[in-house]
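*Asks:* Handing you a structure now.
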Amino acid sequence: TVLAHSVVVEGMKNLAAGANPMLLKRGIAAATKVASEEIGGQSIELKTKEEIASVASISAQDRVIGDLIAEVMDKVGKDGV
68 TVLAHSVVVE GMKNLAAGAN PMLLKRGIAA ATKVASEEIG GQSIELKTKE EIASVASISA
128 QDRVIGDLIA EVMDKVGKDG V
């Protein structure tokens, strides 16, 4: 992803400039926790197959793919594999 790539690139720059690798690792871990909590706080649970299809269709920019994703999610459940 774009975010992961930026973390790696900036991390490598910091390491090359002499940053402490353990402090960098701890900083990334702390930032990850904060970002995850913030995203989780803004999330909305999708409860119906239709809601999943709608979001998936927008994300894929394709209604057929959105419906297919909703169908799969309906079969495997939110934690399924």
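For the sequence shown, our numbering begins at 68 and goes up steadily by one.
Ideal placement from N, C-alpha and C gives every residue a C-beta, glycine not left out.
Since we're looking at a predicted model, the values are computed, not measured.
1) Using the rule of at least 16 other Cβ atoms within 10 Å of the residue's Cβ for burial, across every protein chain shown, is G133 buried or exposed?
2) Just to confirm my understanding: we take K100, look at its own chain, exclude 5 residues before and 5 after, and list those with CB closer than 7 Å. What are they?
3) Express the C-alpha separation of V76 and L113 in angstroms, rounding to a whole number.
4) D146 lies in the alpha helix (DSSP H); which residues open and close that run?
5) At 4 residues or longer, and completely inside the region 85-122: list those alpha helix (DSSP H) runs for me, N to C.
*Replies:* Let me lay it out:
1) In the assembly as shown, G133 is a buried residue. Its beta-carbon has 16 or more other beta-carbons within 10 Å.
2) Answer for K100: no residue qualifies.
3) Rounded to whole angstroms, L113 and V76 show a C-alpha spacing of 34 Å.
4) D146 -> no alpha helix (DSSP H), and no H or E assigned at all.
5) The region 85-122 contains these whole alpha helix (DSSP H) runs: 88-109.
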